[in-house]
Amino acid sequence: MHFRNLKKSAQDVYISDPIDTDKDGNSLTLMDIVSDDISVFDSIDLKLKSEKLYKYIGESLDDREKQIIVMRYGLGNRIPLTQREVAKKLGISRSYVSRIEKKAVTVLKKRFGKEIIDSLG
46 MHFRNLKKSA QDVYISDPID TDKDGNSLTL MDIVSDDISV FDSIDLKLKS EKLYKYIGES
106 LDDREKQIIV MRYGLGNRIP LTQREVAKKL GISRSYVSRI EKKAVTVLKK RFGKEIIDSL
166 G
């Protein structure tokens, strides 16, 4: 392929160089093939927000609230569980899980909102 030929000639390969053509005869570049729908900036922003969320969960929620949020939203590469599944695992009612979850989410929203307001001021 194109890369093997360039390797033999030891030339630089640029991401915008044409490497092939599509079925309609349009030129394809390396950027077209390896591009991602998520920009680097969006990816970094998501990572920073995720880190803040984990920090706020650790600082703002009690152990039961943390446990329910982690189970409900599948944090830490876990599978998200329904309120019924969480209730069964913890031996409490589904409505109690719902109340704890709602309170925890409200606390986290306030924490994120406070940070945004503080950064503006």
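Residues 46 to 166 (my numbering) make up the sequence shown, in order.
The C-beta atom is built at its ideal place from N, Cα and C for all residues, glycine as well.
As the structure is a prediction and not an experimental result, all values here were calculated from the model.
Checklist entry - Do you know offhand how far S140's Cα is from T127's? => result Cα to Cα, the separation comes out at about 12 Å.
Checklist entry - Applying the criterion that 16 or more other CB atoms from any shown protein chain within 10 Å of the CB defines a buried residue, is I114 buried or exposed? => result A residue is called buried once 16 or more other Cβ atoms fall within 10 Å of its Cβ, and I114 is buried on that count.
Next on the checklist: Quick check on this structure: which residue in D69, K68, T74 and D67 has the alpha carbon closest to the alpha carbon of Y59?
Outcome noted: Minimum Cα distance to Y59 is reached at T74.
Item to check | For K154 and K97, the rounded distance between their alpha carbons | outcome: For K97 and K154, the distance between alpha carbons rounds to 12 Å.
Checklist entry - Hey, which unbroken runs of the alpha helix (DSSP H) at 4 residues or more fall wholly within the region 85 to 149? => result Correct list: 85 to 105, 108 to 118 and 128 to 135.
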